[in-house]
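A.B. asks: All residue numbers for the sequence shown refer to UniProt numbering, where the first residue is 1 and numbers rise by one.
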Amino acid sequence: MTFYQALEFHDGEKLMQKKLHVPGLDNPTVPMLSPQAANMLQRAPLLAFGTLDPEGRPWTTVWGGNTGFSKPLGNNMIGIRTSVAAKLDPVVEYLVGSDAKGEVVKEEGEGRLLSGLAIDLGTRKRVKLAGKMMAGMLGSEDSDGSMENIQQGVLQLVAHIDESLGNCPKYLNKRDIHPAATDPELVSDSATLDQKAMDLIHKVDLMFLSTNSGSHMDTNHRGGSPGFIRCLPQEGGSTQFVYPEYSGNRLYQSLGNMILEPKAGFCFPDFETGDCLFVTGTTEILFGRDAAEIMPRSNLAVRVTITAARYVASVLPFRGDTGEFSPYNPIVRYLATEQAASRADTSNQNQITAKLLEQTILTPTISRFRFSLSNAATFKAGQYVTIDASEHLDFGYSHMRDDDPRSLNDDFVRTFTVSSPPGLPPHPSKRLADDEFEITIRKVGVVTDLLFKHGLKKGAEFEVGVKGFGGEFVVEQTEEKPVVAFIAAGVGITPLMPCLTSLELGSLRLLWTLRAADLGLALDMIKNTQGLAQSLTLFVTGMDPASDDDKRSLKNVEEHGVQVEYRRMEKGDLERLMPEVRRWYICTGTGQRSAVLQWLSGQEVLYEDYNF
């Protein structure tokens with residue numbers, strides 16, 4: 001078992017969190033290469049990378065094409081061997097030199113600052129890395145090692161990782177990545193961008209950025225609908241662009257770095273052509289009214305003044321085929337100077353809506369909500385629905401809102417697991433109409449409060465926007481792996497609900513931790529799913545000896561034949577099942593999941609993050 005001291009947020013991050021009224025948070029960044037990061041590093045077909053030039057300016061690039069080009073070496077070291085453009089990639093130049101010719105470059109002392117983002121656009125998974133370069137080399141793919149007149153080189157890099165962090169899949173549009181040859185050609189190197197470069201900025205739906213706190217770097221992405229980044233009108237001198245900061249995990253690591261060091265490096269990749277615009281510049285964080293005056297409907301944005309740039313054709317060693325857009329993507333927010341264009345471009349956008357039909361109260365804080373869709377839409381078992389409640393909750397800009405300060409930076413878009421089974425093959429369920437779906441949720445925030453408020457109003461029609469369905473957390477059995485286990489806590493049971501009609505319950509081992517006050521949720525599932533009780537072990541916590549409701553609910557559960565344990569789940573509960581279980585599914589809070597993953601070391605485990 002690995003133990004480490006939690007990292008503190010630095011002053012820039014603390015200031016951002018204070019400015020945006022974020023309650024106290026623990027820093028989830030770990031001071032090492034975590035197992036999750038090591039695993040993701042090997043599976044990611046892309047790796048964005050950032051470093052500093054001799055003037056201390058950040059630059060960012062992105063490499064890849066195939067999986068497996070980067071891997072952990074042990075002792076928090078990673079190794080990278082990948083095809084790159086042999087010239088004109090600024091990060092390659094600043095790490096190993098522009099005239100390396102296959103020579104090893106070793107860093108003296110602590111090493112050169114760098115940061116990375118291992119990312120898989122096919123699954124929308126990513127993990128951040130930060131550390132220092134130990135050694136690197138740019139060689140030739142030719143057998144003689146000659147660097148003369150070649151366009152594509154091989155970069156080898158060894159780095160020590162001292163920070164890593166997994167991130168949520170928000171604002172990532174799916175792409176199928178495959179390798180491609182590089183043939184780099186410098187198109188422009190002016191800080192005043194030409195039309196071709198500005199067109200690329202307005203085209204991309206994904207950019208990568210790197211920032212610096214002084215002691216560490218950070219590389220991350222910003223994504224959205226094509227055009228979410230806007231160039232300001234040219235008035236001579238360097239080009240400026242603005243992008244909105246959408247609602248995220250509220251750690252504010254990139255923005256916190258900009259508070260301390262108002263500089264950032266960006267790359268804008270063209271997945272179709274392999275072109276890339278590399279820029280570095282000074283940054284200004286725009287809050288509240290300042291953001292809204294430049295980019296209406298934004299409470300937080302960043303304005304960048306470019307100080308150096310390179311537009312390089314055919315510099316990327318990969319291409320990407322466009323897939324599904326993220327259901328989180330907001331409508332493009334145009335600049336105030338573009339308002340006429342924005343009205344013209346957004347007037348024809350079709351918004352799917354969902355009408356709230358029924359609320360079924362299961363516990364004091366958990367209810368099931370049934371909706372009908374305005375347009376045809378399909379979903380699969382294990383998917384989530386993305387609901388947009390901004391029409392009811394977004395009241396525009398406010399300088400202060402003491403009753404709900406977090407709403408100043410909230411887009412009121414939430415994802416909820418669909419808890420009803422789909423009406424599609426291979427295991428259709430016709431319990432609901434074709435245009436209906438259900439979610440089973442706890443009342444925990446402003447959007448769920450809204451649903452609970454309107455759910456019991458009789459005769460009052462209530463609708464919310466639906467951005468789409470997504471996700472792939474499907475619980476399934478196979479001939480090779482017939483016995484599976486599902487470990488849940490609280491409403492973490494919801495991904496299993498739509499899959500129950502397709503499972504052989506006799507080969508399901510369900511271990512569920514539940515508070516006594518929420519036993520009504522378990523009773524509802526047991527009554528609606530014949531045979532589930534015999535597969536269920538319930539770990540009941542928070543029993544109130546004086547509560548008649550708790551005693552009555554517990555008696556009802558036991559009468560159905562459920563095995564009940566009056567304690568928390570322990571390692572031995574899992575070890576007893578290991579001889580027969582071939583696959584484990586987990587949907588719990590992060591703390592319990594960390595413990596369970598350690599208990600299941602060496603087992604096949606699937607889990608999904610719902611912390612976004």
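Don't be surprised by glycine CBs; every beta carbon is placed ideally from N, CA and C.
1. Is Cys231 helix, strand or coil by DSSP?
2. Does DSSP classify His160 as helix, strand or coil?
3. Hey, Phe278 and Phe208 are a contact pair by Cβ (cut 8 Å); roughly how many whole angstroms apart?
4. Within the same chain, show all residues whose beta-carbon is closer than 6 Å to that of Ala516, passing over the 5 residues directly before and after it, in chain order.
5. Determine the extent of the alpha helix (DSSP H) in which Met525 is found, giving its start and end residues.
6. In chain order, which alpha helix (DSSP H) runs of at least 4 residues are fully inside the segment 267 to 343?
7. Counting along the chain, where does the beta strand (DSSP E) carrying Asn212 start and finish?
8. Using 8 Å as the threshold, is the segment 29 to 37 in touch with the segment 80 to 91, meaning 3 or more CB pairs across them?
9. Would you decide whether Lys457 is buried or exposed? Buried here means 16 or more other CB atoms lie within 10 Å of its CB.
10. Which residues share a DSSP beta bridge with Pro72?
11. Check Gln151 in the structure and name its three-state DSSP category.
12. Taking 8 Å as the cut-off, does the segment 112 to 127 touch the segment 10 to 24 (at least 3 CB pairs, one atom from each stretch)?
13. Considering only DSSP beta bridges, list what Tyr94 is partnered with.
14. By DSSP, does Met134 sit in helix, in strand, or in coil?
15. By DSSP's criteria, Trp512 is part of a beta bridge. Which residues make up the other side?
16. Just to confirm my understanding: we take Ile526, look at its own chain, exclude 5 residues before and 5 after, and list those with CB closer than 8 Å. What are they?
17. How close, in whole Å, do the beta carbons of Gly498 and Pro545 come, if the pair is a contact with beta carbons under 8 Å?
18. Is Lys106 helix, strand or coil when you go by DSSP?
19. Assuming Asp388 and Lys481 make a contact with CB atoms under 8 Å, what is their CB distance in whole Å?
20. If you run the structure through DSSP and keep just helix, strand and coil, what is Pro179?
21. Compare the C-alpha of Val581 against each of Glu604, Val96, Phe271, Gln592 and name the closest.
22. Rounded to the nearest angstrom, what separates Ser390 and Val464 at their Cα positions?
23. Assuming Gly281 contacts Val158 under a Cβ cut-off of 8 Å, what Cβ separation, rounded to an integer in Å, is found between them?
24. Hey, could you find the ends of the beta strand (DSSP E) Phe452 is sitting in?
25. Expressed to the nearest angstrom, what Euclidean distance is found between the alpha-carbon atoms of Gly455 and Ala309?
26. Return helix, strand or coil for Asp199, following the three-state DSSP convention.
27. Suppose you measure from the CA of Lys571 to the CA of Ile439; what does that come to, to the nearest Å?
C.D. replies: Let me lay it out:
1. Of the three classes helix, strand and coil, the one that applies to Cys231 here is strand, per DSSP.
2. In this structure, His160 counts as strand in the three-state DSSP scheme.
3. Taking C-beta atoms under 8 Å as the contact rule, Phe278 and Phe208 fail to qualify, at a distance of about 10 Å.
4. Result list for Ala516: Val540, Gly542, Met543, Asp550, in chain order.
5. Secondary structure note for Met525: its alpha helix (DSSP H) is the uninterrupted segment 519 to 528.
6. List check, alpha helix (DSSP H) in window: 288 to 294.
7. Its beta strand (DSSP E) spans residues 206 to 212.
8. Output reads no: the segment 80 to 91 does not touch the segment 29 to 37.
9. Here Lys457 is exposed, its C-beta having fewer than 16 other C-beta atoms within 10 Å.
10. DSSP links Pro72 through a beta bridge to Ile78.
11. Coil.
12. Taking 8 Å as the limit for Cβ pairs, the verdict is that the segment 112 to 127 does not touch the segment 10 to 24.
13. Assignment of beta-bridge partners to Tyr94 by DSSP yields no partner.
14. Of the three classes helix, strand and coil, the one that applies to Met134 here is strand, per DSSP.
15. Under DSSP, Trp512 takes part in a beta bridge, and its partners are Ala488, Leu538.
16. Excluding five sequence positions before and after Ile526, the CB atoms of its chain that fall closer than 8 Å to its own CB belong to Leu532, Ala533, Leu536, Val557, His560, Val562, given in chain order.
17. It is Pro, not Gly, that sits at residue 498 in the sequence shown. Actually they do not touch by this definition, with Cβ atoms about 36 Å apart.
18. The answer is strand: DSSP assigns Lys106 an E or B state.
19. Wrong, their Cβ atoms sit about 38 Å apart, outside the cutoff.
20. Pro179: strand per DSSP, three-state reduction.
21. Ranked by Cα distance from Val581, the options Glu604, Val96, Phe271, Gln592 are led by Glu604.
22. Between Ser390 and Val464, the C-alpha separation is close to 8 Å.
23. A Cβ-Cβ distance of about 30 Å is found for the pair Gly281 and Val158, leaving them out of contact under the 8 Å criterion.
24. Segment 446 to 455 is the alpha helix (DSSP H) holding Phe452; no beta strand (DSSP E) there.
25. Their backbone Cα atoms lie some 53 Å apart in a straight line.
26. Three-state DSSP puts Asp199 in a helix.
27. When rounded, the distance between both Cα atoms is 31 Å.
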